[in-house]
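Q: Following this note's numbering, the numbering of the sequence shown begins with 198 at its first residue and continues without gaps.
Note that the Cβ used here is the ideal one computed from N, Cα and C, for glycine as well.
Take a look at this one; I'll ask things after.
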Amino acid sequence: MESGKESNSVGAGIQKKRTFKKFSYRGVDLNALLDMPPGEFVKLFPARPRRSFDRGLTRKPMSLIKRLRKAVCLYR
198 MESGKESNSV
208 GAGIQKKRTF
218 KKFSYRGVDL
228 NALLDMPPGE
238 FVKLFPARPR
248 RSFDRGLTRK
258 PMSLIKRLRK
268 AVCLYR
């Protein structure tokens, strides 16, 4: 029982640095996705979203994309 307490006290003194998950979509990392032109970016999508983009986006998705771009620019 005491050995469990000792290991907890030893582990509490040493803190690991937190590693963040690197975001990627279909093997392409986030920075490459942000720099990619929309035509190439759409090629990564499955068929249904590709067709939706070919038909054109409505006002609601366009406003979302605009807000996302603005947020990304603030944190770069």
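Would you tell me roughly how many angstroms separate the C-alpha atoms of LEU271 and PRO243, rounded to the nearest one?
A: As a working mapping, residue 271 is identified with position 74 in the sequence shown. As a working mapping, residue 243 is identified with position 46 in the sequence shown. A direct Cα-Cα distance of roughly 30 Å separates LEU271 from PRO243.
Q: Given this structure, state the Cα-to-Cα distance separating MET259 from THR216, to the nearest angstrom.
A: By one-based count along the sequence shown, residue 259 stands at place 62. By one-based count along the sequence shown, residue 216 stands at place 19. So the alpha carbons of these two residues sit roughly 33 Å apart.
Q: Which residue marks the beginning of the alpha helix (DSSP H) containing ARG264, and which one marks its end?
A: Position 67 of the sequence shown, counting from 1, holds the residue named residue 264. It spans 256-272 - the alpha helix (DSSP H) in which ARG264 sits, taken as one unbroken run.
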